[in-house]
Amino acid sequence: GPISDEETSYYIRLQYNSEFSPLNTKVDGITGAQKDSKDTNDLYKPSFMAGGSAFGYRMDDIRVDIEGLYSQLSKSTLSRAPTPDIVDNLTAISGLVNVYYDVVIEDIPITPYVGVGLGVAYISNPAKA
Numbered sequence: 002g003p004i005s006d007e008e009t010s011y012y013i014r015l016q017y018n019s020e021f022s023p024l025n026t027k028v029d030g031i032t033g034a035q036k037d038s039k040d041t042n043d044l045y046k047p048s049f050m051a052g053g054s055a056f057g058y059r060m061d062d063i064r065v066d067i068e069g070l071y072s073q074l075s076k077s078t079l080s081r082a083p084t085p086d087i088v089d090n091l092t093a094i095s096g097l098v099n100v101y102y103d104v105v106i107e108d109i110p111i112t113p114y115v116g117v118g119l120g121v122a123y124i125s126n127p128a129k130a
C-alpha cells in the first residue's frame, strides 16, 4: 500500500502568455509578412492570445503533468505592399508531457525545480498561394 508520510495530490495549472515585442520568426513552408524587402525574417504583431493549461499529479518531490498550449499571431503593419501569398496569421497548438523534480532547500521561501518534457506542436499553414 501507499506510504503514509508520502505527499500525493492532483493539481491544475492555468497560464496566460502574451508578447510585448514583435515576433521575428521563420517557419518552414510558410511565407510570412516582412517589414521591408531587405528583411529576411517574418514580422508578426505581439500576441495577447496565448495561454495554456496543465493537469498533473504530485508525488513528494516529483511532479508529472500533461500540458496544452495555444498561441495566435497576426500580420503586422508592413512598410511595403504585400504580395497575395503572404500569410495573415499563424496559430500554434501544442501538447507536452512533463516531469519535474522539486529541489527542496530548507529555510528558503521558494522551491527550485528541474524538469524535462516531450511534446508535439501543430502550426497552421493557411497559405494563400
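Following the numbering used here, the numbering of the sequence shown begins with 2 at its first residue and continues without gaps. For glycine and all other residues, C-beta sits at the position ideal for the given N, C-alpha and C.
{"Item": "Straight-line gap, residue 91 to residue 71 (C-alpha atoms, nearest Å)", "Value": "11 angstroms"}
{"Item": "Spatial neighbours of residue 67 in its chain, beta-carbon cut-off 6 angstroms, leaving aside the 5 residues before and after", "Value": "56 and 98"}
{"Item": "Straight-line gap, residue 65 to residue 74 (C-alpha atoms, nearest Å)", "Value": "30 angstroms"}
{"Item": "Sequence-distant residues of the same chain with beta carbon closer than 7 angstroms to residue 15, five excluded per side", "Value": "54"}
{"Item": "Pick from 103, 69 and 110 that is closest to residue 18, judged by C-alpha positions", "Value": "69"}
{"Item": "Bounding residues of the beta strand (DSSP E) (the contiguous stretch that carries residue 112)", "Value": "From DSSP, residue 112 is part of no beta strand (DSSP E); its letter is neither H nor E."}
{"Item": "Rounded C-alpha distance that separates residue 110 from residue 116", "Value": "20 angstroms"}
{"Item": "Three-way DSSP call (helix, strand, coil) for residue 125 in this model", "Value": "coil"}
{"Item": "Unbroken beta strand (DSSP E) run spanning residue 68, endpoints", "Value": "63–75"}
{"Item": "Contact under 8 angstroms by Cβ, residue 102 with residue 63", "Value": "yes"}
{"Item": "Among 112, 100 and 11, nearest to residue 118 - alpha-carbon criterion", "Value": "100"}
{"Item": "Enclosing beta strand (DSSP E) for residue 105 [first to last residue]", "Value": "Counting along the chain, residue 105 falls outside any beta strand (DSSP E), and DSSP gives it neither H nor E."}
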